[in-house]
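Colleague: In order, the protein sequences belong to chains F and E. Position 1 of the first sequence, counting from 1, maps to 1 under the numbering used here, and the rest follow consecutively. Position 78 of the second sequence, counting from 1, maps to 78 under the numbering used here, and the rest follow consecutively. This structure is in structure tokens; I'll ask about it shortly.
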Amino acid sequence: MKICVLVKQVPGSEAQFSVSADGSWIQETGLPFEMNESDNYALEEALQIREQKDEGEVVVVSLGPDRCQKVIREALAKGADRAIHIKEDAPYNTDPFSIATALANTIKDEKFELVLSGLQSDDLGFGQTGVILGEILGMTTATLVVGTEIQDGKIKVKRELESGWFQWQTMDLPASLAIQSGLNQPRYPSLKGIMGAKKKEIKESLFVDMCDIDGLQSFNGLSVQRAEKQTEMIEGTVDQVVSKLVDVFKNEIRIN
Amino acid sequence: MDILVVLEDKNGMIHRMSQEAITGAQRIGSEFNLSVGILAMGGNAAALSDQAAQYDVNEVLTLENEHLNHYTADGYGAAVAQVVTNENPKYVFFGHTYQVRDYVPRVSAKLKRPFLNDAVSYSSEGGNPVFSKQVLNAKLVAALQPNDGGTILISFQSAAFSSENIQSGSANVRSISVDIDSAEIKTVTEDPFQEEAGGVDLSSAELIVSIGRGIGKEENILLAQELANTIGAEIASSRPVVDSGWLPSHHQVGSSGQTVSPKLYLALGISGAIQHVVGMKGSKNIVVINKDPDAPLFELADYGVVGDMLEIVPKLTEALDR
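Right under this line is the structure:
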């Protein structure tokens, strides 16, 4: 089975942000960047499907600036067969529809049976790219996928619903699936994998050449999240804090 | 109509987040002089439409079709795209539910119209509403700008509007139809199921004591449990506690767990990741106890204590037990 995995590089979850001088994005200098968490699970799922079937190919596609080479190399070291890097220095100036269009133009002749992506990126959080890509290429789509079973010409997926409910659905191939974190145990690259990755192919293209449409939306003005509430901080010794909390519970919130 | 709110079915009732979207449509509609319609679709469309007609909106559309009786992204994507094309609203509102995340990007791609998702707020600019979303782990906020003047699809984060403010009234109901080719439905869904039976319904709880990673170890859950028993609260948690196997998953609050809005949400050792916050930010009173003064959940707190819950909680239980 030929599988495409969409991998995005995002700032690490511990990163602190400041808005750039022109207000269009954040200051990236010095920020830690890493593979988007749910993309890492999508990659692992693709590698496991290839290993179960003992055939097929896993191709990693990433869109972004030169720094993305780091996550591409990481994916190749973990076992992806080859990679495509669509270069764009300012991907945050585009939108999910433009990105999905560039991806569709990039992979349409590859005839992938499966496209796996993470559920959403930890930076912009649109959670649309994989689904729009599926729609453009005429694939079936599913999101919040927490399990996969390949069947004859179809795929059965387990989807997470709200409030602890789940649902199985059986879909025609080709399919584009957005993977939820936690469905498998992502591997670490082996030393052999890291060495082998250096010989693997990374095909490069430019976003401007791959996206032939105008975007549908853009960000306008980025600002630091302001506190939503006036918080009353309760301070003092443990006994003072406890006595104030009892007062708040009984007289302000009226818990009885 | 100018704003079309697409309802989600929750076992024959209007989904709570759809009610919030209706509330938002009513408020934005009156502020910007826009008419509001509601779309009820699927196997329970008649029941949903009866409920929707009790709200103060201009019109309720009812859509029944054999391909919409069970949810599929194929069917719902095709149906909503057709309705939007036929009715041509300026705005289409949704709650940012798991189902909406699953099929509305398909609508966006079919219509080549922008999907501004997970909006938390709006402001007024040049006589039009401008919508904002949180980015970069909810540390920053950005306005979402459509690139032209056509229909915009928008989903609202849980608790962006309070459904307690929904306006009652009466609305006319109109039946509409769509053409869906059975060849378009390439997905077969099975019945939803729960992995663990006997869950607690946290959504109706008045008082909740909720624990996070900061509880440290499994034995300490007992401290929170004793406090909860003393005040008659339910025990809830963030995802790490469930992932560690310390509590069954039906105690989980957040995007992959339950959404709650109790009178008191007492958060013990919960840092406040966005996945947790969306499930509890609608709580009326939020009290946060955490050792880390930089825990993001303090931003949402009505009352905050920087301190060790292991010292505070037993004494609090004792004091409240008197």
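C-beta: ideal position from N, C-alpha, C; glycine also.
Hey, how far is the Cα of N128(E) from the Cα of M1(E)?
Modeller: Going by the C-alpha atoms only, they are around 16 Å apart.
Colleague: If we count Cβ pairs, one from each stretch, closer than 8 Å, do we get three or more for the region 151–162 of chain E versus the region 175–188 of chain E?
Modeller: No: the two stretches stay apart, fewer than three of their Cβ pairs being nearer than 8 Å.
Colleague: Would N290(E) pass as a contact of V277(E) if the rule is Cβ separation under 8 Å?
Modeller: Against a cut-off of 8 Å, the Cβ pair of V277(E) and N290(E) comes out as no contact.
Colleague: Using only the alpha-carbon positions, how far apart do D102(E) and S124(E) sit?
Modeller: Distance between the alpha carbons of D102(E) and S124(E): 29 Å.
Colleague: For S175(E) and T62(E), I'd like the C-alpha separation in whole angstroms.
Modeller: Straight-line Cα distance between these residues: approximately 5 Å.
Colleague: Suppose you measure from the CA of S49(E) to the CA of I38(E); what does that come to, to the nearest Å?
Modeller: The straight-line gap from Cα to Cα measures roughly 8 Å.
Colleague: I need the DSSP call for L136(E), collapsed to helix, strand or coil.
Modeller: Coil.
Colleague: Using a beta-carbon distance cut-off of less than 7 Å, what residues from the region 114–145 of chain E approach chain F?
Modeller: Hits within the stretch, in order: P114, F115, L116, N117, D118, Q134, V135, L136, N137, A138, K139, L140, V141, A142, A143, L144, Q145.
Colleague: Over the uninterrupted alpha helix (DSSP H) stretch that includes L63(F), give me the two end residues.
Modeller: Premise fails: L63(F) lies in the beta strand (DSSP E), 57–64, not in any alpha helix (DSSP H).
Colleague: Taking contact to mean 3 or more Cβ pairs, one atom from each stretch, closer than 8 Å, check whether the region 94–107 of chain F and the region 64–80 of chain E are in contact.
Modeller: No: the two stretches stay apart, fewer than three of their Cβ pairs being nearer than 8 Å.
Colleague: Residues of chain E with a CB under 8 Å from the CB of Q185(F): which are they?
Modeller: Here the premise fails: no neighbours, minimum Cβ distance about 12 Å.
Colleague: Who does Q217(F) pair with in a DSSP beta bridge?
Modeller: Partner(s): P146(E).
Colleague: Quick check on this structure: which residue in A178(F), V208(F), L222(F) has the alpha carbon closest to the alpha carbon of V135(E)?
Modeller: If we check each option's Cα against that of V135(E), L222(F) comes out closest.
Colleague: For P32(F), which residues of its own chain have a beta-carbon under 8 Å away from its beta-carbon, when the five flanking residues on both sides are left out?
Modeller: Only P11, G12, E14, A15 meet the Cβ criterion.
Colleague: Along chain F, in chain order, which residues have C-beta atoms closer than 8 Å to that of P192(E)?
Modeller: Per Cβ cutoff of 8 Å: L161, W165, F166, Q167.
Colleague: Counting only Cβ pairs nearer than 7 Å, list the residues of chain E close to Q217(F).
Modeller: Result: P114, L116, L144, Q145, P146, N147.
Colleague: Tell me the rounded alpha-carbon separation between V246(F) and R254(F).
Modeller: Each residue's alpha carbon lies about 10 Å from the other.
Colleague: Going along chain F, which residues have a C-beta under 9 Å from V305(E)?
Modeller: Chain F residues near V305(E): M233, I234, E235, V241, K244, L245.
Colleague: State the Cα-Cα distance for the pair I208(E) and T85(E), rounded to the nearest angstrom.
Modeller: Using only the alpha carbons, I get a separation of about 45 Å.
Colleague: To which residues of the same chain is V130(E) closer than 6 Å at the C-beta, ignoring the five residues directly before and after it?
Modeller: Around V130(E): S123, A143.
Colleague: Please confirm if F97(F) has its CB atom under 8 Å from at least one CB of chain E.
Modeller: So yes, F97(F) belongs to the interface.
Colleague: Checking 8 Å against the spacing of the C-beta atoms, do S218(F) and N93(F) come in under that value?
Modeller: Yes; because the gap between Cβ atoms is below 8 Å, this pair is in contact.
Colleague: Which residues in chain E sit within 7 Å of P91(F), going by Cβ to Cβ distance?
Modeller: By Cβ distance, chain E contributes nothing, its closest Cβ being about 13 Å from P91(F), past 7 Å.
Colleague: Let me know if L191(F) comes out buried or exposed under the rule of 16 or more other beta-carbons within 10 Å of its beta-carbon.
Modeller: With fewer than 16 Cβ atoms within 10 Å of its Cβ, L191(F) is classed as exposed.
Colleague: Applying the 10 Å Cβ sphere with the 16-neighbour rule, what's the burial state of E164(E)?
Modeller: So E164(E) counts as exposed.
Colleague: Helix, strand or coil: which one does DSSP assign to A183(E)?
Modeller: It is helical.
Colleague: How many angstroms separate the CA atom of L116(E) from the CA atom of S98(F)?
Modeller: In a straight line, the C-alpha of L116(E) is about 14 Å away from that of S98(F).
Colleague: What is the DSSP secondary structure of P192(E), counted as helix, strand or coil?
Modeller: The answer is coil: DSSP assigns P192(E) none of H, G, I, E or B.
Colleague: Taking only runs that begin and end inside the region 91–130 of chain F, name each unbroken beta strand (DSSP E) of 3 or more residues, in chain order.
Modeller: Counting only runs of 3 or more, we get 114–118.
Colleague: Figure out for me which residue from T148(F), G134(F), A197(F) has the closest Cα to the Cα of D74(E).
Modeller: Checking every option, the nearest Cα to that of D74(E) belongs to G134(F).
Colleague: Under 8 Å between the Cβ atoms of Q82(E) and D56(E)?
Modeller: In this structure, D56(E) does not lie closer than 8 Å to Q82(E) by Cβ.
Colleague: Thinking C-alpha only, which one of T101(F), N40(F), F207(F) is nearest I86(F)?
Modeller: Nearest option by C-alpha distance: F207(F).
Colleague: Taking only beta-carbon atoms, is Y98(E) less than 8 Å away from chain F?
Modeller: Yes, its Cβ sits closer than 8 Å to a Cβ of chain F.
Colleague: List the endpoints of the continuous beta strand (DSSP E) containing T170(F).
Modeller: 165–172 is the extent of the beta strand (DSSP E) around T170(F).
Colleague: Would the region 302–318 of chain E count as touching the region 233–241 of chain F if we require 3 or more Cβ pairs under 8 Å?
Modeller: Taking 8 Å as the limit for Cβ pairs, the verdict is that the region 233–241 of chain F does touch the region 302–318 of chain E.
Colleague: Could you tell me whether the Cβ of M171(F) comes closer than 8 Å to any Cβ of chain E?
Modeller: Interface residue, yes.
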